[in-house]
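A short worksheet on the structure shown next.
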Amino acid sequence: MLLGRREDIFRPFRELQREIDRLFDDFFRTEVRPAKEFFAPEMDVYETDDEVVIEVEIPGIDRKDVKITVEENILKISGEKKLEREQKGKNYYYVERSAGKFERAIRLPDYVDVEKIKAEYKNGVLTIRVPKKEERKKKVIEVEVQE
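Residue 1445 is where the sequence shown starts when you use our numbering, and the numbers rise one by one after that.
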C-alpha cells in the first residue's frame, strides 16, 4: 500500500516530463505546418494638418487582391495573400511566410472627407490618404492678451 502512495506522489511529475518531451518533439519536428488561414498586417495611422494617413504593410500581395471600402466612417481594408509554392519533391524545414485572407478596420474621425480618399500601393506598403474637411483644417489664430 505504501508503494501505491509513492506512485501517486510522483505521477504529476511524470506527466509534466511527458508534456515537456512532447513540446520538444513538436518543436524539432521538420514537418510543414499549414499556413495560417487569416493574418493581420501591420498598420500605422497618423494625422497631419491636412489629412489622416493609414499605412499598411502587405508585401507580396497583388494590388488587385486588395479591397478598400468605407461605410459609416469605418474604413475596411481586406484582401488575400496567396503563396504559390509547389511542394512536390521538396522537404521544407521552415514555413514562416504568412498567407491567407486579411481584414483591418478603423473608425475614421468625423472631420475627414471620405469622398476624397486616395490610395497607392508601392513597395509592399499600401498608403491611404483621407483629407480633412476644409472647415476642420488647423488654423493658427493669435489671440491678443489684454491688460
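No residue lacks a Cβ here, since even glycine has one placed at the ideal position from N, Cα and C. On a predicted model such as this, the values are computed, not experimentally measured, just so you know.
Short of 6 Å in beta carbon distance, which residues of its chain neighbour residue i, apart from the five on each side in sequence? Order them along the chain.
| i | result |
| --- | --- |
| Thr-1571 | Glu-1499 and Glu-1564 |
| Ile-1502 | Pro-1485 and Leu-1570 |
| Lys-1560 | Pro-1575 |
Tell me the rounded alpha-carbon separation between residue i and residue j.
| i | j | result |
| --- | --- | --- |
| Gly-1523 | Gln-1461 | 43 Å |
| Gly-1504 | Val-1510 | 11 Å |
| Arg-1551 | Glu-1591 | 45 Å |
| Pro-1575 | Arg-1548 | 20 Å |
| Val-1514 | Asp-1506 | 21 Å |
| Phe-1483 | Phe-1454 | 42 Å |
| Lys-1562 | Asn-1517 | 15 Å |
| Tyr-1538 | Asp-1493 | 45 Å |
| Ile-1585 | Glu-1495 | 20 Å |
Whose C-alpha, out of the options, is nearest the C-alpha of residue i?
| i | options | result |
| --- | --- | --- |
| Lys-1526 | Asn-1517, Ile-1518 and Ser-1542 | Ser-1542 |
| Lys-1545 | Glu-1495, Glu-1579 and Ile-1521 | Ile-1521 |
Compare the C-beta of residue i against all C-beta atoms of chain D and say whether one is closer than 8 Å.
| i | result |
| --- | --- |
| Glu-1515 | As a matter of chain content, chain D is missing from the structure shown, which is built from one protein chain. |
task = Tell me, please, whether the segment 1461-1468 touches the segment 1489-1503 by the rule of three or more beta-carbon pairs shorter than 8 Å.
result = no
Complete alpha helix (DSSP H) runs within the segment 1534-1560 (minimum length 4 residues, chain order) = none
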